[in-house]
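Undergrad:
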């Protein structure tokens with residue numbers, strides 16, 4: 001067997017092994033921070049390619065990873081590192097069709113959040129979700145409206161402070177901690193921003209900021 005054929009076989013076997021590990025339910029470990037060597041970048045690339053392959057219909061991370069391969073071929077480790085982190089964020093976040101009932105005004109506001117997307121097959125808007133580990137050790141998805149790098153975005157046309165709203169904020173905060181991310185609530189005016197911040201202060205939530213984004 002030629003050296004090239006041997007290399008291809010080893011690569012294929014490694015990809016299959018990584019895929020098997022992920023399919024058996026092993027937790028996905030995100031790639032975070034600056035990649036310092038080509039070997040480290042290649043290892044991260046192999047892992048993320050395997051992770052992307054087990055996600056039904058996944059396209060975006062796979063496209064980013066193709067650009068990682070191009071960057072490594074050019075010897076651009078800095079660009080490869082940035083793209084690997086971006087692809088990791090994409091894989092870490094799951095997207096589900098949005099069926100929540102709301103006014104058209106609220107829907108338009110939510111759909112314009114950074115990173116918001118729709119399902120090309122169902123034509124429905126999609127919500128990005130990350131997992132939260134509950135008190136029993138079970139993984140539960142927590143929804144947001146958009147994503148900006150390592151920041152999950154939730155948009156509120158009007159902030160309410162009911163127990164249900166407080167529970168949602170606490171779930172989001174816990175999920176963000178579990179995933180090493182931060183959050184941002186985007187609201188249309190100062191009155192809503194003040195209400196959201198007051199609730200966060202009362203609940204002790206420090207990993208979600210509040211930002212005014214006009215309609």
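In full-length UniProt numbering, the protein residues as written are 1 to 215. Note that the Cβ used here is the ideal one computed from N, Cα and C, for glycine as well. In this text the structure is predicted, and so the values were computed from the model without any measurement.
Here's the rule: buried if 16 or more other CB atoms are within 10 angstroms of the residue's CB, otherwise exposed. What is residue 142?
TA: Taking the chain shown and counting its residues from 1, one reaches residue 142 at position 142. By the neighbour-count rule (16 or more Cβ atoms within 10 Å), residue 142 is buried.
Undergrad: How close, in whole Å, do the beta carbons of residue 80 and residue 41 come, if the pair is a contact with beta carbons under 8 Å?
TA: Position 80 of the chain shown, counting from 1, holds the residue named residue 80. Position 41 of the chain shown, counting from 1, holds the residue named residue 41. Contact flag correct, Cβ pair sits at about 5 Å.
Undergrad: Return the residue from the list 47, 191, 173, 93 that minimises the CA-CA distance to residue 211.
TA: For the purposes of this step, residue 211 is identified with residue 211 of the chain shown, where counting begins at 1. Out of 47, 191, 173, 93, 191 has the C-alpha closest to the C-alpha of residue 211.
Undergrad: Assign residue 215 to buried or exposed, taking buried as 16 or more other Cβ atoms, counted over all protein chains shown, within 10 Å of its Cβ.
TA: The residue given as residue 215 occupies position 215 in the chain shown. So residue 215 counts as exposed.
Undergrad: Could you give the first and the last residue of the continuous beta strand (DSSP E) run that contains residue 140?
TA: Start at 1 with the first residue of the chain shown, and residue 140 comes out as number 140. Residues 139-143.
Undergrad: Please determine, among 37, 38, 205, the residue with the shortest C-alpha to C-alpha distance to residue 177.
TA: For the purposes of this step, residue 177 is taken as the residue at position 177 of the chain shown. Nearest of 37, 38, 205 to residue 177, Cα basis: 205.
Undergrad: Residue range of the beta strand (DSSP E) that residue 94 falls in?
TA: As a first step, residue 94 is located in the chain shown; it is residue number 94 there, counting from the start. It spans 94-97 - the beta strand (DSSP E) in which residue 94 sits, taken as one unbroken run.
Undergrad: With 16 other CB atoms within 10 Å as the buried threshold, where does residue 44 fall?
TA: Position 44 of the chain shown holds residue 44. The residue in question, residue 44, is buried, as its Cβ has 16 or more Cβ neighbours within 10 Å.
Undergrad: Spatial neighbours of residue 188 within its chain, please: CB distance less than 8 Å, with the 5 preceding and 5 following residues excluded, ordered by chain position.
TA: Along the chain shown, read from residue 1 onward, the residue named residue 188 stands at position 188. The answer, listed in chain order, is 109, 157, 212, 213, 214, 215.
Undergrad: Can you give, in chain order, each stretch of the alpha helix (DSSP H) that sits fully within the segment 37-86 and has at least 4 residues?
TA: Listed in chain order, they are 38-53, 60-73.
Undergrad: With a threshold of 6 Å (Cβ to nearest heavy atom), would residue 197 be considered close to the ligand SAH?
TA: Absence of the ligand SAH is noted for the structure shown, with no ligands found whatsoever.
Undergrad: Looking at residue 63: is its Cβ nearer than 7 Å to the Cβ of residue 114?
TA: Within the chain shown, the letter at position 63 stands for residue 63. Within the chain shown, the letter at position 114 stands for residue 114. No, they are not a contact pair.
Undergrad: Quick one: any contact between the segment 168-184 and the segment 149-156, if contact means 3 or more CB pairs under 8 Å?
TA: Output reads yes: the segment 149-156 touches the segment 168-184.
Undergrad: Would you be able to state if there are at least three C-beta pairs under 8 Å between the segment 157-172 and the segment 121-128?
TA: No contact exists between the segment 121-128 and the segment 157-172.
Undergrad: Here's a check: name, in chain order, each residue in its chain whose Cβ is nearer than 7 Å to the Cβ of residue 35, leaving out the five neighbours to either side.
TA: Position 35 of the chain shown, counting from 1, holds the residue named residue 35. Taken in chain order, the residues that qualify are 41, 44, 77, 80, 81, 84.
Undergrad: Quick check: what's the CA-CA separation for residue 47 versus residue 65?
TA: The residue you call residue 47 lines up with position 47 of the chain shown. The residue you call residue 65 lines up with position 65 of the chain shown. Cα to Cα, residue 47 sits roughly 11 Å from residue 65.
Undergrad: Taking the alpha-carbon positions, what's the residue 207 to residue 173 distance?
TA: For the purposes of this step, residue 207 is taken as the residue at position 207 of the chain shown. For the purposes of this step, residue 173 is taken as the residue at position 173 of the chain shown. Cα-Cα distance, rounded: 6 Å.
Undergrad: Determine whether the beta carbon atoms of residue 175 and residue 130 lie at a separation below 7 Å.
TA: Position 175 of the chain shown, counted from the start, is the residue given in the question as residue 175. Position 130 of the chain shown, counted from the start, is the residue given in the question as residue 130. The answer is yes: Cβ separation under 7 Å.
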